[in-house]
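Student:
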Amino acid sequence: MSLLEIDRATLKFGGVTAVNDLSFSVEEGEVYAIVGPNGAGKSTVFNLISRFYEPYSGRISFAGENLLDRRADAVADLGIARTFQNIELFDHATVLQNLLVGRHRHRRTSMIEELLFTPRVRREERRHREVVEEVIDFLDLQPYRDKMIAGLPYGVRKVVELGRALASGPRLLLLDEPASGLSVEETQDMRWWIDDIRKQMGVTVLMVEHDMGLVAGVSDRVLALADGAKLAEGTPVEVQSDPAVIAAYLGAPADGGVA
Amino acid sequence: MRIHFKTSYDHDIRLFPDWWSFSIYAALVIVAVILPWLLGDFFLGEVTNVLIWAIAGLGLMLLTGQTGQASLGHAAFLAVGCYSCIILMEHGWPFLLAFPAAGIITGLFGTLFAIPAVRLHGIYLAIATIALSVLADDIIVLLDPWTDGVSGKFAPVIDIFGLEIERWSTPARFYWLVLAVTILCTLAYRNLLRAPLGRAFAAVRDSEVSATAMGVHIALTKAAAFGLSCAITGLAGALMGFFAGAFNNETFSITISINLLMMIVIGGLGSIHGAFFGAIVIAFLPQVLSMVTDTLGGGIAIPGLEMGVFGAILILFILFEPMGIYGRWLKIRTWLELFPFARKDMFRRQKSYLKTERLR
Numbered sequence: 001m002s003l004l005e006i007d008r009a010t011l012k013f014g015g016v017t018a019v020n021d022l023s024f025s026v027e028e029g030e031v032y033a034i035v036g037p038n039g040a041g042k043s044t045v046f047n048l049i050s051r052f053y054e055p056y057s058g059r060i061s062f063a064g065e066n067l068l069d070r071r072a073d074a075v076a077d078l079g080i081a082r083t084f085q086n087i088e089l090f091d092h093a094t095v096l097q098n099l100l101v102g103r104h105r106h107r108r109t110s111m112i113e114e115l116l117f118t119p120r121v122r123r124e125e126r127r128h129r130e131v132v133e134e135v136i137d138f139l140d141l142q143p144y145r146d147k148m149i150a151g152l153p154y155g156v157r158k159v160v161e162l163g164r165a166l167a168s169g170p171r172l173l174l175l176d177e178p179a180s181g182l183s184v185e186e187t188q189d190m191r192w193w194i195d196d197i198r199k200q201m202g203v204t205v206l207m208v209e210h211d212m213g214l215v216a217g218v219s220d221r222v223l224a225l226a227d228g229a230k231l232a233e234g235t236p237v238e239v240q241s242d243p244a245v246i247a248a249y250l251g252a253p254a255d256g257g258v259a
Numbered sequence: 001m002r003i004h005f006k007t008s009y010d011h012d013i014r015l016f017p018d019w020w021s022f023s024i025y026a027a028l029v030i031v032a033v034i035l036p037w038l039l040g041d042f043f044l045g046e047v048t049n050v051l052i053w054a055i056a057g058l059g060l061m062l063l064t065g066q067t068g069q070a071s072l073g074h075a076a077f078l079a080v081g082c083y084s085c086i087i088l089m090e091h092g093w094p095f096l097l098a099f100p101a102a103g104i105i106t107g108l109f110g111t112l113f114a115i116p117a118v119r120l121h122g123i124y125l126a127i128a129t130i131a132l133s134v135l136a137d138d139i140i141v142l143l144d145p146w147t148d149g150v151s152g153k154f155a156p157v158i159d160i161f162g163l164e165i166e167r168w169s170t171p172a173r174f175y176w177l178v179l180a181v182t183i184l185c186t187l188a189y190r191n192l193l194r195a196p197l198g199r200a201f202a203a204v205r206d207s208e209v210s211a212t213a214m215g216v217h218i219a220l221t222k223a224a225a226f227g228l229s230c231a232i233t234g235l236a237g238a239l240m241g242f243f244a245g246a247f248n249n250e251t252f253s254i255t256i257s258i259n260l261l262m263m264i265v266i267g268g269l270g271s272i273h274g275a276f277f278g279a280i281v282i283a284f285l286p287q288v289l290s291m292v293t294d295t296l297g298g299g300i301a302i303p304g305l306e307m308g309v310f311g312a313i314l315i316l317f318i319l320f321e322p323m324g325i326y327g328r329w330l331k332i333r334t335w336l337e338l339f340p341f342a343r344k345d346m347f348r349r350q351k352s353y354l355k356t357e358r359l360r
């Protein structure tokens with residue numbers, strides 16, 4: 001059984017079909033990348049998994065459980081964490097506080113206990129902070145630990161968002177364009193981190209990415225989307241050389257042959 | 001400049017980062033406790049007023065500053081707290097039971113109001129809460145059998161285990177009571193900030209989408225914020241009733257709501273200090289203004305002067321110091337601590353990046 005299974009999902013916004021009869025599955029422990037031209041529906045697939053959008057038809061299941069039975073805020077409980085294409089951090093909080101929000105799904109204390117800050121709350125806090133400090137260590141975020149997000153450069157914010165997702169202790173990590181807007185060095189770092197997240201932490205990664213170098217470097221399998229439908233699926237090399245993918249990116253040549 | 005060497009997780013959890021800041025706040029509390037021997041009754045009354053406003057400010061700060069939900073209806077919750085405490089006492093409840101009960105009742109009202117309010121954002125929520133402020137007046141009149149409507153009520157003498165507390169005859173005792181409530185509310189607020197719920201409030205304020213993705217239940221979190229905020233406001237309302245001595249349907253008008261909101265904006269949104277700084281401005285400004293008009297204008301009352309000055313101050317703060325007095329204080333402190341190495345643009349914020357608005 002696959003970890004994440006999308007079965008014939010369709011999503012329509014009015015007359016526009018954003019995702020069209022799409023099926024794919026992600027196996028436990030792999031890095032799975034979704035590529036495609038702008039507007040292909042990549043981020044929409046993420047928003048379907050996060051339950052921000054309700055599919056028109058089809059099934060989505062995670063570890064055998066029907067994801068469509070859950071509210072958007074109950075998805076994290078299953079161990080699904082995500083980042084956003086346009087960075088959605090908590091701007092008026094420190095890096096540390098942002099990562100601690102990632103621990104929210106592990107909250108075990110009630111409001112009354114927290115108002116009184118009972119010993120149990122303190123114990124839980126220590127436990128959360130232990131995990132968060134490990135993530136800070138892993139992502140080299142120590143210099144920014146107590147800085148407000150609002151004053152941080154773009155590249156660091158990207159890493160903080162990855163850290164917040166990691167702090168939740170996920171089984172499946174959804175990365176929406178982890179390398180967009182990053183410099184060459186930062187992209188290289190991101191590549192190593194994704195490798196380590198999979199190998200050391202055993203986290204399955206599903207990512208949307210335009211940088212083909214990064215995709216080819218880290219992913220086991222690639223899904224190419226165009227107009228919300230599957231174009232090709234396979235290893236990075238297979239997908240990159242698929243005629244339909246090349247046509248979707250570069251346009252089909254006039255004589256109908258392969259460019 | 002102080003450098004914090006952190007050697008354990010508790011460094012980030014404890015209330016005070018180091019001995020220095022602990023001693024400052026301890027000294028502040030000691031001065032506050034011995035204040036009745038230092039000040040005359042008039043100024044002690046003024047300080048009591050500041051503290052009551054600060055408690056109300058903490059309540060609204062929790063909702064508006066911490067959770068990002070604007071409210072122009074908190075005067076209504078002050079009224080609920082005030083009336084429920086005094087009505088319970090008239091039914092023979094001792095103050096020590098009636099006072100927390102008033103907080104809980106107001107908190108329940110707040111949670112009830114959250115049911116429609118969690119569906120509203122920004123300006124629409126502000127308008128809905130204005131309606132609450134306007135309604136409160138009429139509801140108090142309609143509930144005449146309980147509230148005595150237009151003729152109003154008189155606050156009874158507080159009795160704690162035989163110790164009589166009254167605003168005019170024993171101002172020092174009343175001041176200590178208010179001080180104790182202030183310290184407890186501040187502690188609870190502070191505890192919340194270092195616990196998951198407080199961080200969930202900030203998460204809801206800054207990005208509902210990613211808060212949801214992190215497993216934060218938006219509606220429940222907002223309801224908790226409304227409940228806690230209104231509970232604290234209810235306590236402040238009860239104290240306001242005792243401070244005023246007499247109150248009726250017009251005591252908790254929309255002007256009070258607007259003053260409260262102005263107070264936390266001037267003080268600095270999202271900080272405990274801000275509630276106190278704002279309370280000092282709001283409570284002392286009328287006194288300062290009347291002193292100025294007394295000396296300069298020979299006591300001629302200028303209609304609308306107070307509101308005009310309040311408005312001007314608010315506009316100036318929003319234009320030049322959106323972080324409020326607390327923000328300015330942070331800058332001055334950093335400048336002093338780093339002297340002479342502080343740079344002019346240290347607090348300049350980067351432009352924020354595009355947010356995914358369509359997912360709200």
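Just so you know, the protein sequences line up as chains P and Y, in that order.
UniProt numbering puts the first residue of the first sequence at 1, with every later residue one more than the last.
UniProt numbering puts the first residue of the second sequence at 1, with every later residue one more than the last.
Note that the Cβ used here is the ideal one computed from N, Cα and C, for glycine as well.
State whether the region 229-238 of chain Y contacts the region 101-118 of chain Y, with contact taken as three or more CB pairs (one from each stretch) at a distance under 8 Å.
Tutor: Yes: at least three Cβ pairs fall under 8 Å.
Student: Among the residues of its own chain, which have a CB less than 6 Å from the CB of aspartate 140 (chain P), if the five just before and after it don't count?
Tutor: If we look at aspartate 140 (chain P) and ignore the five residues flanking it on each side, it has no Cβ neighbours.
Student: For proline 171 (chain Y), count neighbouring C-beta atoms within 10 Å of its own C-beta (all shown protein chains included) and say buried if the count is 16 or more, exposed if not.
Tutor: Buried, because 16 or more other Cβ atoms sit within 10 Å of the Cβ of proline 171 (chain Y).
Student: Quick one, which residues of the region 60-86 of chain P are near chain Y if we go by CB-CB under 9 Å, in chain order?
Tutor: From the region 60-86 of chain P, only Arg71, Ala72, Asp73, Ala74, Val75, Ala76, Asp77, Ile80, Ala81, Arg82, Thr83, Phe84, Gln85, Asn86 have a Cβ closer than 9 Å to chain Y.
Student: Leaving out five residues before and five after threonine 251 (chain Y) in sequence, what residues of the same chain have Cβ atoms less than 7 Å from its Cβ?
Tutor: Only Ala244 meet the Cβ criterion.
Student: Alpha carbon to alpha carbon, how far is glutamate 208 (chain Y) from aspartate 220 (chain P)?
Tutor: Whole-angstrom Cα-Cα distance: 33 Å.
Student: Taking buried to mean at least 16 other C-beta atoms within 10 Å of its own C-beta, is serine 84 (chain Y) buried or exposed?
Tutor: With 16 or more other Cβ atoms within 10 Å, it is buried.
Student: As a quick exercise: from P:Ala33, P:Ser168, P:Arg126, P:Ala248, pick the residue whose alpha carbon is nearest that of arginine 82 (chain P).
Tutor: Measuring from the Cα of arginine 82 (chain P), the nearest candidate turns out to be P:Ser168.
Student: Pop quiz: threonine 129 (chain Y) and leucine 269 (chain Y) are said to be a contact at Cβ under 8 Å. What is the actual Cβ separation, rounded to whole angstroms?
Tutor: Incorrect: roughly 16 Å between the Cβ atoms, too far for contact.
Student: Is it true that the CB of valine 35 (chain P) sits closer than 9 Å to the CB of methionine 9 (chain P)?
Tutor: As written in the sequence, residue 9 (chain P) is alanine, which differs from the methionine given in the question. Result no, Cβ atoms of alanine 9 (chain P) and valine 35 (chain P) do not sit closer than 9 Å.
Student: Within 10 angstroms of the Cβ of lysine 199 (chain P), are there 16 or more other Cβ atoms? Answer buried if so, exposed if not.
Tutor: Looking at its Cβ environment, which holds fewer than 16 other Cβ atoms inside 10 Å, lysine 199 (chain P) is exposed.
Student: With a cut-off of 8 Å, do at least 3 Cβ pairs link the region 258-268 of chain Y to the region 141-153 of chain Y?
Tutor: Short answer: they don't touch.
Student: In the DSSP assignment, find the unbroken beta strand (DSSP E) run with methionine 214 (chain Y) in it and report its ends.
Tutor: Premise fails: methionine 214 (chain Y) is in no beta strand (DSSP E) and is neither H nor E.
Student: Below 8 Å on the Cβ atoms is my contact criterion, and I expect serine 229 (chain Y) with leucine 62 (chain Y) to pass it. Report the Cβ-Cβ distance as a whole number of Å.
Tutor: Going by Cβ atoms, the distance from serine 229 (chain Y) to leucine 62 (chain Y) rounds to 4 Å, so yes, they are a contact pair.
Student: Which residues in chain P sit within 8 Å of isoleucine 218 (chain Y), going by Cβ to Cβ distance?
Tutor: Correct list: Asp73.
Student: Do we get a CB-CB distance below 9 Å when we pair proline 196 (chain Y) with the residues of chain P?
Tutor: At least one chain P Cβ lies under 9 Å of proline 196 (chain Y).
Student: Output the distance between the C-alpha atoms of serine 151 (chain Y) and leucine 142 (chain Y), rounded to the nearest integer angstrom.
Tutor: Approximately 12 Å, taken between the alpha carbons.
Student: Give the single residue among Y:Gly311, Y:Leu285, Y:Asn259, Y:Phe341 whose Cα lies nearest to the Cα of leucine 60 (chain Y).
Tutor: Measuring from the Cα of leucine 60 (chain Y), the nearest candidate turns out to be Y:Asn259.
Student: Can you tell me whether tyrosine 32 (chain P) is helix, strand or coil according to DSSP?
Tutor: In the structure shown, tyrosine 32 (chain P) sits in a strand (DSSP, three-state: E or B).
Student: Apart from the five residues on each side of it in sequence, which residues of its chain come closer than 8 Å, Cβ to Cβ, to threonine 94 (chain P)?
Tutor: Same-chain partners within the cutoff: Arg145, Asp146, Lys147, Met148, Ile149.
Student: According to DSSP, simplified to helix, strand and coil, what is alanine 246 (chain Y)?
Tutor: Alanine 246 (chain Y) falls in the strand class under three-state DSSP.
Student: In angstroms with no decimal places, state the Cα-to-Cα distance between arginine 358 (chain Y) and leucine 15 (chain Y).
Tutor: Since pLDDT at arginine 358 (chain Y) reaches only 45, below the 50 mark, its modelled position is unreliable, and no value is offered.
Student: Could you check if proline 196 (chain Y) belongs to the surroundings of the ligand GTP, using beta carbon to heavy atom distance under 8 Å?
Tutor: The model on display carries no ligand, and the ligand GTP is accordingly not part of it.
Student: Should methionine 214 (chain Y) be flagged as near chain P, meaning a C-beta pair shorter than 9 Å?
Tutor: Yes, its Cβ sits closer than 9 Å to a Cβ of chain P.
Student: According to DSSP, which residues form a beta bridge with threonine 10 (chain P)?
Tutor: In DSSP, threonine 10 (chain P) forms a bridge with P:Ser57.
Student: Going by DSSP in three states, isoleucine 80 (chain P) sits in which element: helix, strand or coil?
Tutor: In the structure shown, isoleucine 80 (chain P) sits in a strand (DSSP, three-state: E or B).
Student: Name the one or two DSSP bridge partners that leucine 184 (chain Y) has.
Tutor: Bridge partners of leucine 184 (chain Y): none, in fact.
Student: For a test of the three-state rule: what should DSSP assign to leucine 143 (chain Y), helix, strand or coil?
Tutor: If DSSP states are grouped into helix, strand and coil, leucine 143 (chain Y) belongs with coil.
Student: Apply the 10 Å Cβ neighbour rule to tryptophan 53 (chain Y) and answer buried if 16 or more other Cβ atoms are within range, or exposed otherwise.
Tutor: Tryptophan 53 (chain Y) is buried by the Cβ-count criterion.
Student: If you run the structure through DSSP and keep just helix, strand and coil, what is serine 352 (chain Y)?
Tutor: Note that serine 352 (chain Y) scores a pLDDT of 48, beneath 50, so its modelled location is shaky and nothing firm can be said.
Student: Give a yes or no on whether 9 Å exceeds the smallest Cβ distance from tyrosine 83 (chain Y) to chain P.
Tutor: No, its Cβ sits nowhere closer than 9 Å to a Cβ of chain P.
Student: Output needed for histidine 106 (chain P): all residues of its chain with C-beta closer than 6 Å, excluding positions within five of it in sequence on either side, in chain order.
Tutor: Taken in chain order, the list of residues that qualify is empty.
Student: With a Cβ-Cβ cutoff of 9 Å, do isoleucine 194 (chain P) and valine 218 (chain P) count as a contact?
Tutor: Yes.
Student: Let's see if you can read the secondary structure: which residues bound the beta strand (DSSP E) around arginine 221 (chain P)?
Tutor: Its beta strand (DSSP E) spans residues 221-226.
Student: Enumerated in chain order, which unbroken segments of the beta strand (DSSP E) with a length of 3 residues or greater are wholly contained in the region 137-173 of chain P?
Tutor: Counting only runs of 3 or more, we get nothing.
Student: Give me the residue from P:Asp7, P:Glu233, P:Ser180 with the minimum Cα distance to leucine 67 (chain P).
Tutor: Measuring from the Cα of leucine 67 (chain P), the nearest candidate turns out to be P:Asp7.
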